[in-house]
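> Position in the sequence shown counted from 1, then plus 41, gives you this note's numbering. All C-beta atoms, glycine included, are put in the ideal place defined by N, C-alpha and C.
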Amino acid sequence: MNVSFFSQSYEAKWGRTPKIQAQAEKEAGEAMTESFVEQIKAHAQRDAKKGVYMDQPYIQMTLNHMRETVSPNRKGLIAQAAPLLRAAEDSQDPLWQAYERMMDKLSGKEYSIKVQGGRVGQTAEIYSPDGEMIAGYNSLGSGWTEIQTKAESKFLDNATVVYAEAYRQARAGLKAAAQEDSQPAYTLDVQA
42 MNVSFFSQSY
52 EAKWGRTPKI
62 QAQAEKEAGE
72 AMTESFVEQI
82 KAHAQRDAKK
92 GVYMDQPYIQ
102 MTLNHMRETV
112 SPNRKGLIAQ
122 AAPLLRAAED
132 SQDPLWQAYE
142 RMMDKLSGKE
152 YSIKVQGGRV
162 GQTAEIYSPD
172 GEMIAGYNSL
182 GSGWTEIQTK
192 AESKFLDNAT
202 VVYAEAYRQA
212 RAGLKAAAQE
222 DSQPAYTLDV
232 QA
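1. What first and last residue would you give for the beta strand (DSSP E) that runs through Y51?
2. Nearest to A72 by alpha carbon, out of A89, W55, S112 and Q101?
3. Taking contact to mean at least 3 C-beta pairs separated by less than 8 Å, is the segment 185-205 in contact with the segment 109-124?
4. Can you tell which of Q220, V156, K191 and G214 has the C-alpha that lies nearest to the C-alpha of R57?
5. Quick one: what's G184 bridged to in DSSP?
6. Considering V156, what are the terminal residues of the beta strand (DSSP E) in which it resides?
7. For S148, which of helix, strand or coil comes out of DSSP?
8. For A69, which residues from the same chain have a beta carbon less than 6 Å from its beta carbon, with the 5 sequence-adjacent residues on both sides left out?
9. Decide if L181 is buried, meaning its Cβ has at least 16 other Cβ atoms within 10 Å, or exposed.
10. With DSSP as the reference, label T58 as helix, strand or coil.
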C-alpha cells in the first residue's frame, strides 16, 4: 500500500477508464467458469420449482464465488489502514505525522490509501492499482463501506444473465408440464 497525497482522477476513482473497463471484462469473464455456470443453472432450476427468484442460497453462492475470484482483499487492506486512522486521530499534526509513520510500513504495495482527519473525524479511501476506489471510511458516519468495483459489477451482471435465462427456461418447462397434466384425456367410443 502506498500512502501519499495524490491527485485522483474522477474517471479512475469510479472505474470509468478504458483500462479499468477492459480489466473488469477480463476478470468477470474468467470468473464465469463452466462449473460455476452449471451451479447457477442448477440454482435457477431449484428456485423455479419453488417459485422463488434468486433464493438466498443462490445469492450466497454467487457472492462467495465473486469474493474468491474477482474481489480485492478488502479486509486485509482495511486492517492495514486501521493503524493509520488511529494515528491520524491521536497525532498533534494528524495528517503529516500519520503519513510519515506509516510510509515505511506500507510502501511497495499495490494499493493506495488517502487519509484525512484529526480529532474531529477521519476519512479514508482505498484505491486499486488502477486508481479505482474499493473502500471508504468515515468516522462520523457509517465507518467502512465497500465500494463495488467494475469487475464485481460486471461479474454480477454476467451471473444474473445466466440465472435469468435458466430460470425463465425452467419456469417455461414447468408451465408446459402443468398444462399437459391438466389436459383432459378424451376417449372416443364408436360403435357401429
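Judging by the given coordinates:
1. In the sequence shown, counting from the first residue as 1, residue 51 sits at position 10. From DSSP, Y51 is part of no beta strand (DSSP E) but of the alpha helix (DSSP H) over Y51 to K54.
2. As a first step, residue 72 is located in the sequence shown; it is residue number 31 there, counting from the start. The candidate whose alpha carbon is nearest that of A72 is S112.
3. yes
4. In the sequence shown, residue 57 corresponds to position 16, counting from 1. Nearest option by C-alpha distance: K191.
5. Against the sequence shown, residue 184 aligns to sequence position 143. Its beta-bridge partners are N179.
6. The count along the sequence shown starts at 1 and reaches residue 156 at position 115. S153 to G158 is the extent of the beta strand (DSSP E) around V156.
7. Translated into the one-based positions of the sequence shown, residue 148 becomes position 107. Residue confidence for S148 is low, a pLDDT of 39 falling below 50, so the modelled location carries little weight and cannot support an answer.
8. In the sequence shown, the residue the question calls residue 69 occupies position 28. Counting only Cβ-Cβ distances below 6 Å, and skipping sequence neighbours, we find A192, K195, F196 and N199.
9. The residue you call residue 181 lines up with position 140 of the sequence shown. Flag for L181 reads exposed.
10. As a first step, residue 58 must be located in the sequence shown, where it is residue number 17. T58 falls in the coil class under three-state DSSP.
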